[in-house]
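Notes to accompany the following structure.
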Amino acid sequence: MMTNRDFLGRSFHKFESNYKSDILDIRISNHNVWQIVKFPLFMQFVKPDENSKARVQKSDSLRKRIHLQIVKIYDFLLLVFSFLSLFRKRIFKGNLAVFYTNSGDKLSRDEKGAYYNFLTDAFITEGLVEDYLYMEKSLGGDFRKPSPIEIDLKLDRLYPLHFIFRFLLITKRKLIFAQALRLEQILKAHFKSEQREFNFSNSDVIRIINSFFLEYWVAIVLLKITRPSILFCSEQTGCGLLGAANSLGVKSIDLQHGIIDQHHPQYTFSAKLNDSQNSFSLPTYLGVFGSLHKDILRANGFWNDNKIITLGSARMFFNRNKTNGYKKQISFRKKNVLIPTQYTVFPEILMLLNRLKEESLEFKLILKLHPLEPNSNIISYRRFASEYPGFIEVVECDVDIYQIISEAHVVIGFDSAVLLESVSLFRPTFTIGTPSAPRGVHEFFSEMGLEAIIRIIPINNIDLLSEVLRDLLANSNFYTDQIKEMTYWGNRLYAPDYLGNCKRFLSEAIVKRK
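In my numbering, each number is its position in the sequence shown, counted from 1, plus 403.
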């Protein structure tokens, strides 16, 4: 069963404040165990069980076992060849930038039909860095292709090293068990004091710690070979990669991926833990979308102001330029209402759909599937759409959301980052409040002025949404009065001049090698 994200984030934050001395004391090889465990455990609580892949049954046949050993030998030979190739490329490059990316971040195809990683690829395609190595981790074994940038190392090839480093884990087995048990005990005591119970065990904590150290040791090898001037990554705070970078003195920047709220478990910590920053796997810099997110991060006093760099978003930058910010009025022959799905609010979305289908207004609902939407939810959405042909269209997860926003009159969601993007692209936007998150997307922020732009519609008062839709769909100048405020908040959410911001950052962050 899923847990409310906002409540759990607040609970973790309170845990850090109440158990400071215990948290600071639980370390393994100078790595803070709480930071290692915090985000993976959070995601274990909030993700639906169906999202996890079904376990593959192992075969005991001799043929299968022999085949597995051959694959391991082949993978190891590929790894040796990959390291030799990296070392050769490293010799002929100067101020090397290493990109540690994920194929799952290539959300959609660009105009040329290629999958583009908007978190990192612009640094290369726009000529911001010259010497680089591009590394990518697959999405369930698949690499999204075609892609505009050649992969120098498929990170999956590093997995054979895990087998070698598992022997090191054996030497730390007793310490890992003891520290995992200590953390489990104080965390369960905290939950008990809040009269809450979350299903996790010592084995869950041990598994997370083991994964951290395997990644840490592999990353040590990788970074020693490549010796980058700077490491680019995303959502790696607290992970073994940044732990290794810190150990080797490698500069790094972790790029914002989605919404960072005031209790985001990967990025926000109690200021009482400042004393432990040297044992945290933190990036040298944290690159954020806009000033709003920077203000959120520095509000509680944990992050130093000079570590948070406001870059903007390549995705937003390119799409703003492409269509002049979507300020031009779109044709009213297509009255599209966009609803981005979220697996965390599946029942509420069904309630919303059932209410909107009763409307006499002429509009079309566009359901944009979330990348992590479980198959059972997708089946339900498609069944619903088949019952109301012409009224509801289900759009696959790899279709460019910005193109859909550009064709939408209105965007309705819950707490999705799409709502922030819609405001920044000048589309009237609404957030649905639920019993667990009455303020919708605003649960993440303390910026009250944003509520005037992204209006809150309670799930039990959809009639209010009907009234607003009636006015918006009938008025061809529906956003004229809001455009000034949308511009202000759009730039607070996503800073303008993305390329200029990146150039200025690189000029200061990278020290030229002689």
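Glycine included, C-beta positions come from ideal geometry on N, C-alpha and C. As the structure is a computational prediction, the values presented were derived from the model and not from experiment.
Nearest candidate by alpha-carbon position, reference residue i, set the options
i, options, result
"ARG576", "ASN613, LEU586, GLU911", "ASN613"
"ASN864", "ILE835, ALA622, PHE705", "ILE835"
"GLY793", "PRO774, LYS767, GLN806", "LYS767"
"ASP657", "TYR688, SER414, GLU553, ASP698", "TYR688"
"VAL816", "CYS800, ILE857, ASP555, LEU625", "According to the sequence provided, residue 816 is Gly. The question's Val does not apply to it. For GLY816, the nearest C-alpha among the options comes from ILE857."
"GLN988", "LEU444, PHE410, GLY652, SER839", "With the chain represented from 404 up to 917, any question about residue 988 goes unanswered, as that position is not in the structure."
"GLY507", "SER637, ASN703, LEU590", "SER637"
"VAL826", "LEU481, ARG842, ARG723, TYR901", "ARG723"
"VAL436", "ALA583, SER541, LEU499, ASP555", "ALA583"
"GLU553", "LEU578, LEU427, PHE502", "PHE502"
"CYS800", "LEU772, ILE782, ASN778", "LEU772"
"GLN369", "SER604, LEU572, GLY543, GLY544", "Here the chain comprises residues numbered 404 to 917, so residue 369 is not present and cannot be evaluated."
"PHE848", "ARG895, SER432, LYS710", "ARG895"
"ALA702", "GLY690, ALA674, ALA788", "ALA674"
"ILE589", "VAL608, GLY704, ARG491, ILE431", "VAL608"
"ARG569", "PRO743, ASN780, PHE615", "PHE615"
"PRO549", "ILE579, ALA517, LEU572, LEU556", "ALA517"
"PHE415", "LYS697, PRO668, ASP534", "PRO668"
"ILE862", "LYS496, SER783, LEU753", "LEU753"
"PRO899", "ALA840, GLN639, ASP545, GLY715", "GLY715"
"THR890", "LEU853, ASP818, ILE859", "LEU853"
"CYS905", "LYS496, THR744, THR523", "THR523"
"LEU481", "GLY643, PHE787, PRO563, ARG630", "PRO563"
"SER596", "ALA622, TYR519, LYS417, SER783", "LYS417"
"PHE580", "ILE429, PRO686, ILE662, SER694", "ILE429"
"PRO551", "GLU600, GLU514, TYR791, ILE573", "GLU514"
"ALA820", "LEU876, CYS642, GLY893", "GLY893"
Limits of the unbroken alpha helix (DSSP H) element including residue i
i, result
"ARG858", "ARG858 -> not in any alpha helix (DSSP H); beta strand (DSSP E) instead, spanning 857-861."
"GLU870", "865-877"
"TYR562", "562-574"
"SER604", "SER604 -> no alpha helix (DSSP H), and no H or E assigned at all."
"ASP409", "408-421"
"ILE645", "In the sequence as displayed, the identity of residue 645 is Leu instead of Ile. Its alpha helix (DSSP H) spans residues 643-651."
"LEU756", "749-759"
"GLY903", "901-912"
"ALA525", "525-528"
Residue i vs residue j beta-carbon contact at 7 angstroms
i, j, result
"ILE913", "SER606", "no"
"LEU822", "VAL844", "yes"
"LEU741", "ILE807", "yes"
"LEU634", "SER650", "no"
"ILE611", "VAL440", "yes"
"ARG560", "SER488", "no"
"VAL532", "ALA500", "yes"
"LEU676", "GLU419", "yes"
"VAL653", "LEU626", "yes"
"ARG842", "HIS666", "no"
"ALA717", "TYR901", "yes"
"ASP708", "SER511", "no"
"ALA647", "TYR619", "yes"
"ILE712", "PHE908", "yes"
"THR504", "GLU539", "yes"
"THR837", "GLU762", "no"
"ASN757", "GLU810", "no"
"VAL748", "LEU770", "no"
"PHE721", "TYR897", "no"
"TYR746", "PRO774", "no"
"ILE426", "LEU578", "no"
"ASN498", "ASP555", "no"
"GLY641", "GLN438", "yes"
Per DSSP, the bridge partner or partners of residue i
i, result
"ALA500", "TYR535, ILE633"
"LYS505", "It is Asn, not Lys, that sits at residue 505 in the sequence shown. Bridge partners of ASN505: LYS540."
"ARG895", "Per DSSP, none; premise fails for ARG895."
"THR713", "VAL691"
"LYS557", "GLU539"
"ARG430", "ASN435"
"ARG512", "TYR518"
"ASP545", "LEU542"
First and last residue of the uninterrupted beta strand (DSSP E) at residue i
i, result
"PHE817", "Where PHE817 is concerned, there is no enclosing beta strand (DSSP E), given that its DSSP letter is neither H nor E."
"VAL740", "739-743"
"SER655", "655-658"
"LYS767", "767-771"
C-beta neighbour in chain E for residue i, strict 7 angstroms
i, result
"ILE835", "Of the protein chains in the structure, only one exists, and it is not chain E."
Review point. Unbroken alpha helix (DSSP H) runs of length 4 or more, entirely within the segment 782-843: which are they?
Key: Given a length threshold of 4 residues, each whole run of the alpha helix (DSSP H) inside the segment 782-843 is given here in chain order: 804-809, 820-827.
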